[in-house]
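S.K.:
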Amino acid sequence: MNTMNKRLMLWTGMVLCVLLSVYHFYTAGFGYFPGVGTRSHLVIHLAAGLCLVYLLYPTSSRHSWSLWLDTALAIASAAVGLYLFMNLQSSSIISARMDSLDYAAAVLLVLLLLEATRRVVGLPLVIIAAVFIAYFFLGEYLVYPFKHSRAELERFFYEMSFTTSGIFGTPLSVSANYVFIFILFGAVLEATGAGRMFIDLALRAFGRYKGGPAKAAVVASGMLGSISGSSTANAVTTGTFTIPLMKKVGFKPHVAGGIEVAASSSGQLLPPIMGAAAFLMIEYTGHSYAEIIRSAFIPAILSYIAILVMVHFEASRGGILGLKKEELASGRRTLLRQGYLIVPVIVLVWLLAEGKTVGNAAFYATVILLVIAYFAHQFRSRLPVGLMLAGALAAGAYALHWLLGWQMEITAMIVIGSVVALLFALVQKRAGSWADPVRFGYKELLAGLELAARNALSVIVACATAGILIGVVNLTGFSSKLPQLIISFSEDIAGLVPPFAAAYTGEIQLYAALVLTVVACLILGLGLPTTATYVILAAMIAPALIRLDMPVLSAHLFVLYYGILADDTPPINLPAYATAGIAKADPIRTGVQGFKFDSAALLLPFAFATNPNLLLLNPEAGIGIIALNILTALVGIIALASCIQGWLLERMNRLERLNALIAALVLIHGSWITDLIGVVLLLGLTGISFHRRKKSRTLDLH
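Numbering (the numbering used here), first residue to last: -15 to 686.
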């Protein structure tokens, strides 16, 4: 009986997952249902997410009562959601005079959210939320600058549950309106087999070279990581294929897992989607989507080059070669079988660049993805039937355009998708049976819809809990105090500068503030998903850098980068636990390796924080200047990577590694003198390393 009840819960959860995905797909394309406003939409989003958490993430207890507890919590989540949906416009809530039922619903919502966060995201975020809640109530007992006197119990639960200052604030709004539809797009793309396609193409391009499978893992994880929005999900998706290959060619298990961790996490800095951070950044900075991805592009590419350089040095140091040509999938065959899956990504980027809203662009991209994925196989196997179905679908969409006002773009996406699928089918028929596309039918569609909702749960509860943190920060006035603390500390450090260096006081203060910011980012981001980390850092840390005259985008990309790095920081490193299980390695050692492989670009944000050319924020800078800045940043990355790995062309001694570190540090500043010093130092080290390698080869010959 107990087993039957568990199966019933799982089936209920699966059905609710599909319904939640369909709901968000509809709202992204057509707007809210009649009678559903912005706040009601957020209530549906959160309540459904909480129900799913309790249905799909049961308590670890094996006792029979655990099933009833999970069922009761799922029902309570639905009941609270229904109560909020029905009473958002009640006089007691609008007037901020809660009655007993309002009060009970508010308390229950907060408790249900914190427990759901513990189950999905983990204990660290719950502990941080508990500290912030304690700060709200105990602030009057603290000393300046932390002291405040706003600790009213009723006010806390009202603000958290019934206003946009708490749970239903900006983070949850971004999750409901932007992030979910992109997670859906990524999940459907994954259900089509796109993940394996990216891996096969990356292996074909890099697999034969030194440490090839690891380099392929970096490239494939970057492509998927930008879309997936979850470093852990990305690590599992690509790591399942790439980690065994890395171990096969000679990488140690914890090293293979660490490479996958670094590559999967850094994908969230990579345009066009940036793991949903770009859409949050739109809300916090006021910059357009095009401006954000343009500024993030160069740092993202440099960060991936840094990981590739680290992998190359690791492979060189260990004498690890690549795979044999016959072990690699045919690039031509891969493109013929699944190349059509690249088209929706191109359409997505094009629509966003054309100024479509984020939700609409993802909706249309998902429509064309579904059409191409479904008809690619239909046209290949049953061309007449496929043409009839595609024609009927396009005609139906056109009719609904006239009758119900559906966007004409839907018809256009269906037609374009059908044409692309037809062209690929014709090419595949000429290529023979070996180019038969991957089947995508109703089963794969349902699997994609379910996967989207499952992947979104961590984002939903993390964003809602982050809303509590932001609410406490704003209600207590701490949002204005923390930036001032960072500025004050940096001023104190700058005040220690000797008189002969007084001209550099401003620059020293900025660097001191940046270092303090890095420490704060790494601490606040421990164990949190990147979405929640960025929300916290954007509200609490970025304003300090903006007050020091850093451009807004520079400040937000700076904290985003170190927020992503915090996801790789041991001991609370969630992607490392996932990849360690695949690699059969120790999670802590895997996490250390992940942090290590991300560390070659550790100083890169300092470079773009002080040099807006790397973010393309200086319209007066010419192409030559920008290219030179990119080149010196790349030299700095190579220098730091060689210092960490102890390898350039040959093994380096401690003195050489120290000089490589100095070269990396001086290249941060961006002046022509420091750049020249850094480049000369690295060239000198390269010459020494080349001479040593030549000498060792001569000795080997004798």
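Just so you know, even glycine gets a beta-carbon here, dropped at the ideal spot from N, CA and C.
For asparagine 344, report the span of its alpha helix (DSSP H) as first-last.
M.R.: Indexing the sequence shown from 1 puts residue 344 at position 360. Residues 342 to 365.
S.K.: Whether or not the region 487 to 498 and the region 471 to 478 are in contact is what I'm after, with contact meaning three or more pairs of Cβ atoms, one per stretch, closer than 8 Å; do they touch?
M.R.: Touching, yes.
S.K.: State the start and end residues of the unbroken alpha helix (DSSP H) segment that holds tyrosine 142.
M.R.: Start at 1 with the first residue of the sequence shown, and residue 142 comes out as number 158. Segment 137 to 146, the alpha helix (DSSP H) holding tyrosine 142.
S.K.: So, is phenylalanine 592 buried or exposed, given that buried needs 16 or more other C-beta atoms within 10 angstroms?
M.R.: Counting from one through the sequence shown, the residue named residue 592 turns up at place 608. By the neighbour-count rule (16 or more Cβ atoms within 10 Å), phenylalanine 592 is buried.
S.K.: Please return the same chain residues whose Cβ sits closer than 6 Å to the Cβ of methionine -7, not counting the five positions on each side in sequence.
M.R.: On the sequence shown, position 9 is the one that residue -7 refers to. Around methionine -7: Leu39.
S.K.: Output yes or no for whether 7 Å exceeds the beta carbon distance between glycine 306 and glycine 196.
M.R.: In the sequence shown, residue 306 corresponds to position 322, counting from 1. In the sequence shown, residue 196 corresponds to position 212, counting from 1. In contact: glycine 306 and glycine 196 (Cβ atoms closer than 7 Å).
S.K.: Can you check which of these residues, Thr449, Ala346, Gly323 and Gly177, is closest to alanine 409 by C-alpha distance?
M.R.: Working through the sequence shown from its first residue, we reach residue 409 at position 425. Closest option to alanine 409, Cα to Cα, is Gly323.
S.K.: Once the 5 residues before and after alanine 62 are set aside, which same chain residues still bring their CB inside 7 Å of it?
M.R.: Position 78 of the sequence shown, counted from the first residue, corresponds to residue 62. Ala31 and Cys35.
S.K.: When you measure from the CB of alanine 440 to every non-hydrogen atom of the ligand NAD, does any distance come out below 6 Å?
M.R.: This structure simply doesn't include the ligand NAD, nor any ligand for that matter.
S.K.: What does DSSP give as the partner residue(s) for arginine 635 in the beta ladder?
M.R.: The residue given as residue 635 occupies position 651 in the sequence shown. For arginine 635, which the question treats as bridged, DSSP gives the partners Trp631.
S.K.: Alpha carbon to alpha carbon, what distance is there between leucine 122 and tyrosine 142?
M.R.: For the purposes of this step, residue 142 is taken as the residue at position 158 of the sequence shown. For the purposes of this step, residue 122 is taken as the residue at position 138 of the sequence shown. Roughly 18 Å separates the two Cα atoms.
S.K.: For the alpha helix (DSSP H) containing methionine 265, list its first residue and its last residue.
M.R.: One-based indexing of the sequence shown puts residue 265 at position 281. Counting along the chain, the alpha helix (DSSP H) containing methionine 265 begins and ends at 261 to 269.
S.K.: List the endpoints of the continuous alpha helix (DSSP H) containing glycine 578.
M.R.: As a first step, residue 578 is located in the sequence shown; it is residue number 594 there, counting from the start. That run of the alpha helix (DSSP H) goes 571 to 582.
S.K.: Closest to serine 750 by CA distance: which of Phe182, Leu615, Ser538 and Val576 is it?
M.R.: As shown, the chain starts at -15 and ends at 686. That puts residue 750 outside it, with no answer to give.
S.K.: Three-state secondary structure (DSSP) at serine 655?
M.R.: Here residue 655 is taken as the residue at index 671 of the sequence shown, counted from 1. Coil at serine 655, not helix or strand.
S.K.: Buried or exposed for methionine 258, going by 16 or more other Cβ atoms inside 10 Å?
M.R.: The residue labelled residue 258 in the question sits at position 274 within the sequence shown. Buried, by the Cβ-count rule.
S.K.: How many Å lie between valine 202 and valine 443 at the Cα?
M.R.: As a position in the sequence shown, residue 202 is number 218, starting the count at 1. As a position in the sequence shown, residue 443 is number 459, starting the count at 1. Using only the alpha carbons, I get a separation of about 24 Å.
S.K.: Hey, quick one: how far does the alpha helix (DSSP H) through tyrosine 87 stretch, first residue to last?
M.R.: Along the sequence shown, one-based indexing puts residue 87 at 103. Here the alpha helix (DSSP H) through tyrosine 87 covers 84 to 104.
S.K.: Rank Cys1, Gly241 and Ile285 by C-alpha distance to the C-alpha of glutamine 252 and give the top, closest one.
M.R.: Position 268 of the sequence shown, counted from the start, is the residue given in the question as residue 252. Measuring from the Cα of glutamine 252, the nearest candidate turns out to be Ile285.
S.K.: State the Cα-Cα distance for the pair valine -1 and serine 300, rounded to the nearest angstrom.
M.R.: Residue -1 sits at position 15 when you count from the first residue of the sequence shown. Residue 300 sits at position 316 when you count from the first residue of the sequence shown. About 50 Å.
S.K.: If the criterion is Cβ atoms closer than 7 Å, does the pair alanine 585 and valine 293 meet it?
M.R.: Working through the sequence shown from its first residue, we reach residue 585 at position 601. Working through the sequence shown from its first residue, we reach residue 293 at position 309. Going by C-beta atoms, alanine 585 is not nearer than 7 Å to valine 293.
S.K.: Check proline 228 in the structure and name its three-state DSSP category.
M.R.: The residue labelled residue 228 in the question sits at position 244 within the sequence shown. Three-state DSSP puts proline 228 in a helix.
S.K.: Could you spell out where the alpha helix (DSSP H) holding lysine 236 opens and where it closes?
M.R.: Within the sequence shown, the letter at position 252 stands for residue 236. Counting along the chain, lysine 236 falls outside any alpha helix (DSSP H), and DSSP gives it neither H nor E.
S.K.: Only counting the same chain, and skipping five residues up and downstream in sequence, which positions put a Cβ closer than 7 Å to that of phenylalanine 297?
M.R.: Counted from its first residue, the sequence shown places residue 297 at position 313. So the qualifying residues of the chain are Ala625, Ser626, Gln629 and Trp631.
S.K.: For proline 368, is the classification buried or exposed, using 16 other Cβ atoms within 10 angstroms of its Cβ as the cut-off for buried?
M.R.: In the sequence shown, the residue the question calls residue 368 occupies position 384. Exposed: under 16 other Cβ atoms inside 10 Å.
S.K.: For isoleucine 548, which residues from the same chain have a beta carbon less than 7 Å from its beta carbon, with the 5 sequence-adjacent residues on both sides left out?
M.R.: For the purposes of this step, residue 548 is taken as the residue at position 564 of the sequence shown. These residues qualify, in order along the chain: Ser249, Ser250, Gln252, Leu253 and Thr514.
S.K.: For phenylalanine 164, name the three-state secondary structure that DSSP assigns.
M.R.: If you number the sequence shown from 1, residue 164 lands on position 180. Of the three classes helix, strand and coil, the one that applies to phenylalanine 164 here is helix, per DSSP.
S.K.: From this set, Arg366, Leu325 and Gln391, which residue's C-alpha is nearest tyrosine 348's C-alpha?
M.R.: Here residue 348 refers to the residue found at position 364 of the sequence shown. Considering only alpha carbons, the answer is Gln391.
S.K.: Is it buried or exposed for phenylalanine 575, if we count other Cβ within 10 angstroms and need 16 for buried?
M.R.: Within the sequence shown, residue 575 is the residue found at index 591, counting from 1. Contrary to the premise, residue 575 reads as glycine rather than phenylalanine in this sequence. By the neighbour-count rule (16 or more Cβ atoms within 10 Å), glycine 575 is buried.
S.K.: I'd like to check one pair, tyrosine 268 with alanine 522: are the Cβ atoms closer than 7 Å?
M.R.: Residue 522 sits at position 538 when you count from the first residue of the sequence shown. Residue 268 sits at position 284 when you count from the first residue of the sequence shown. Contact: yes.
S.K.: Just mark methionine -15 as buried or exposed, buried being the case when its beta carbon has 16 or more other beta carbons within 10 Å.
M.R.: For the purposes of this step, residue -15 is taken as residue 1 along the sequence shown, with counting starting at 1. Note that methionine -15 scores a pLDDT of 45, beneath 50, so its modelled location is shaky; the value from the coordinates is reported in the next line. Exposed, because fewer than 16 other Cβ atoms sit within 10 Å of the Cβ of methionine -15.
S.K.: Using the Cβ count rule (16 or more neighbours within 10 Å means buried), how would you classify alanine 526?
M.R.: In the sequence shown, counting from the first residue as 1, residue 526 sits at position 542. Alanine 526 is buried by the Cβ-count criterion.
S.K.: Could you check where the alpha helix (DSSP H) with glycine 401 kicks off and where it finishes?
M.R.: Along the sequence shown, read from residue 1 onward, the residue named residue 401 stands at position 417. It spans 392 to 415 - the alpha helix (DSSP H) in which glycine 401 sits, taken as one unbroken run.
S.K.: Are the CB atoms of valine 105 and alanine 440 nearer to each other than 7 Å?
M.R.: Reading the sequence shown from its first residue, position 121 is the one you call residue 105. Reading the sequence shown from its first residue, position 456 is the one you call residue 440. In this structure, alanine 440 does not lie closer than 7 Å to valine 105 by Cβ.
S.K.: Between the Cα of tryptophan -5 and the Cα atoms of Tyr561, Leu430 and Thr594, which residue gives the shortest distance?
M.R.: The residue given as residue -5 occupies position 11 in the sequence shown. That would be Leu430, whose Cα lies nearest to the Cα of tryptophan -5.
S.K.: If we count Cβ pairs, one from each stretch, closer than 8 Å, do we get three or more for the region 86 to 93 versus the region 54 to 71?
M.R.: Touching, yes, given that three or more Cβ pairs across the two stretches are closer than 8 Å.
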